[in-house]
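Asks:
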Amino acid sequence: MATRIDHRATFTSGAEDAYAAQTEEQALLARLELVGGEHAELRDHQVTEHGARYTLLQAVPSDKLPSLVRTLRSGDLTVRRTHVWNREGDRFTGTVTVEVADIPGRITADVELVPSGAGSVQTTRGEVSVRVPFVGGKIESFVVDQVTRLLESEARATEQWLAR
1 MATRIDHRAT FTSGAEDAYA AQTEEQALLA RLELVGGEHA ELRDHQVTEH
51 GARYTLLQAV PSDKLPSLVR TLRSGDLTVR RTHVWNREGD RFTGTVTVEV
101 ADIPGRITAD VELVPSGAGS VQTTRGEVSV RVPFVGGKIE SFVVDQVTRL
151 LESEARATEQ WLAR
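For reference, each letter of the sequence shown is one residue, going 1 to 164 in the UniProt record's numbering.
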């Protein structure tokens, strides 16, 4: 059974600027430096007038993992997030897929960024599914907590980029 992710971020800038702050190469590199951890990388970055696509690689040090996860595999975890954004008038929608090396499961999310007053609002809705008998739910809870913290950190980094 999957565990849901629901996150909402508000930005003081409009949707167009918030979108640019999450898709432009320099903004992504700055965000990775702030919240990406060791060995974070931006790969496959493409932006067109219709949208954007990029992949972020990040590592989670083994000492930051719960013992339950460390029993499944040794060493750091490599996380690969692929973001695909589509421009739809004054709003932006997208998908995020996450692959974690050597862990049987998946993380997927839909993202929507829309104007709201003088600013914008971004909602992320997804789910975490870990297919490990007996302990999958516990791992899912840990992952949802970590993803929510990451989304909050990335929203703060985006707001900092917008304020510069």
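All residues carry an ideal CB built from backbone N, CA and C; glycine is no exception.
These numbers come from a predicted model, not from an experiment.
If I follow the unbroken alpha helix (DSSP H) through residue 74, where does it start and stop?
Replies: Here residue 74 refers to the residue found at position 74 when the sequence shown is read from its first residue. Where residue 74 is concerned, there is no enclosing alpha helix (DSSP H), given that its DSSP letter is neither H nor E.
Asks: In terms of DSSP beta bridges, what is residue 81 paired with?
Replies: Residue mapping note: residue 81 aligns to position 81 of the sequence shown, counting from 1. DSSP, once it has assigned bridges, lists 56 and 98 as partnering residue 81.
Asks: Quick one: residues in its chain with C-beta nearer than 6 Å to the C-beta of residue 84, no 5 flanking neighbours on either side, listed in chain order?
Replies: If you number the sequence shown from 1, residue 84 lands on position 84. Annotation for residue 84: 53, 94 and 95 place their beta carbon closer than 6 Å to its own, counting only its chain and skipping 5 residues before and after.
Asks: So, under 8 Å CB-CB, residue 125 and residue 101 are touching, yes? Tell me the CB distance rounded to an integer number of Å.
Replies: Mapped onto the sequence shown, residue 125 falls at position 125. Mapped onto the sequence shown, residue 101 falls at position 101. Wrong, their Cβ atoms sit about 25 Å apart, outside the cutoff.
Asks: Could you give the first and the last residue of the continuous alpha helix (DSSP H) run that contains residue 139?
Replies: Numbered from 1 along the sequence shown, position 139 holds the residue referred to as residue 139. Segment 136-163, the alpha helix (DSSP H) holding residue 139.
Asks: Check the C-beta distance from residue 144 over to residue 8 and give it rounded, since I have them as a contact under 8 Å.
Replies: Within the sequence shown, the letter at position 144 stands for residue 144. Within the sequence shown, the letter at position 8 stands for residue 8. Actually they do not touch by this definition, with Cβ atoms about 15 Å apart.
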